[in-house]
Amino acid sequence: FFVIFFCFSCAGFVVFGRAIRGFSTQIRAMITCWNILMGEFDLNEMMLVQPILAPLWMVSFQFLVLLILLNMLLAIIMDTYVAAKAASLPVGDEVLPTIWAQLKEAARTVKETRGHMNYWKIIVDLTDEDFPAHPQPFVTAKSLRRAFPKMSKHNADYICRRAALHL
190 FFVIFFCFSC AGFVVFGRAI RGFSTQIRAM ITCWNILMGE FDLNEMMLVQ
240 PILAPLWMVS FQFLVLLILL NMLLAIIMDT YVAAKAASLP VGDEVLPTIW
290 AQLKEAARTV KETRGHMNYW KIIVDLTDED FPAHPQPFVT AKSLRRAFPK
340 MSKHNADYIC RRAALHL
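Numbered per my numbering, the sequence shown spans residues 190 to 356.
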């Protein structure tokens, strides 16, 4: 990419350098070529200097550098990104969920936990050092309901089932 980009900036320097300030030095020519890649150029000014070479230079620059080389550079970067992302995934069949799968899971969780006790209150009561709500070392749905009388059976079962997934 940079070799061909540099060649085009040199050609711009040679062809337009004496008349257009943007091509007057090699550094300015490179900056002007970069600006052309970003879509900022004045073809009319170039055509006043070289009416035949200006459109030829511009079309070939746009085609080769912008369309082909920039897309190749992007493809290399994306390929490297995909390889790095694949390498960061855990070994095995486990694949990170898509955003849609995460949204679906969140909606299911909200629906399933509707009417449950506030989990923050449960955590605070369980971790109270002076008067813990559940001092026993083993937790069951039944012991949770004894510790929290307002807790529904579904709520206690849900907490135990979800906690078991993390053991």
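Just so it is clear, CB atoms sit at the ideal spot from N, CA and C, and this is done for glycine as well.
- Collapsing the DSSP output to three states places F197 in a helix.
- Comparing alpha carbon positions, the residue from A273, A345, Q291 closest to H305 is A345.
- K331 and R350 have their alpha carbons spaced roughly 13 Å apart.
- By the criterion of a C-beta distance shorter than 7 Å, K339 is surrounded in its chain by M306, once the five residues flanking it on both sides are discounted.
- For the region 196-249, the full-length alpha helix (DSSP H) segments reaching 4 residues or more read 215-226, 232-238 along the chain.
- By the CB criterion at 8 Å, Y347 and E301 fall inside the cutoff.
- In this structure T269 is exposed. Its beta-carbon is surrounded by fewer than 16 other beta-carbon atoms within 10 angstroms.
- At the C-beta level, F197 and F212 stay beyond 8 Å of one another.
- Here the alpha carbons of R334 and L356 stand approximately 21 Å from one another.
- In the structure shown, A276 adopts helical secondary structure according to DSSP, grouped into three states.
- For A322, same chain residues with a beta-carbon under 7 Å away, outside a window of 5 residues either side, are D314, L315, A336, F337 in chain order.
- Short of 8 Å from the beta carbon of L259, and not among the five residues preceding or following it, lie these beta carbons of its own chain, in chain order: F190, L226.
- In the DSSP assignment, K339 falls outside any alpha helix (DSSP H) and carries neither an H nor an E.
- Annotation: A296 to Q251 spans about 48 Å, alpha carbon to alpha carbon.
- Shown here, Q251 sits in a helix according to DSSP, grouped into three states.
- In its chain, beyond the 5 residues on either side, L226 have a beta carbon closer than 7 Å to the beta carbon of L255.
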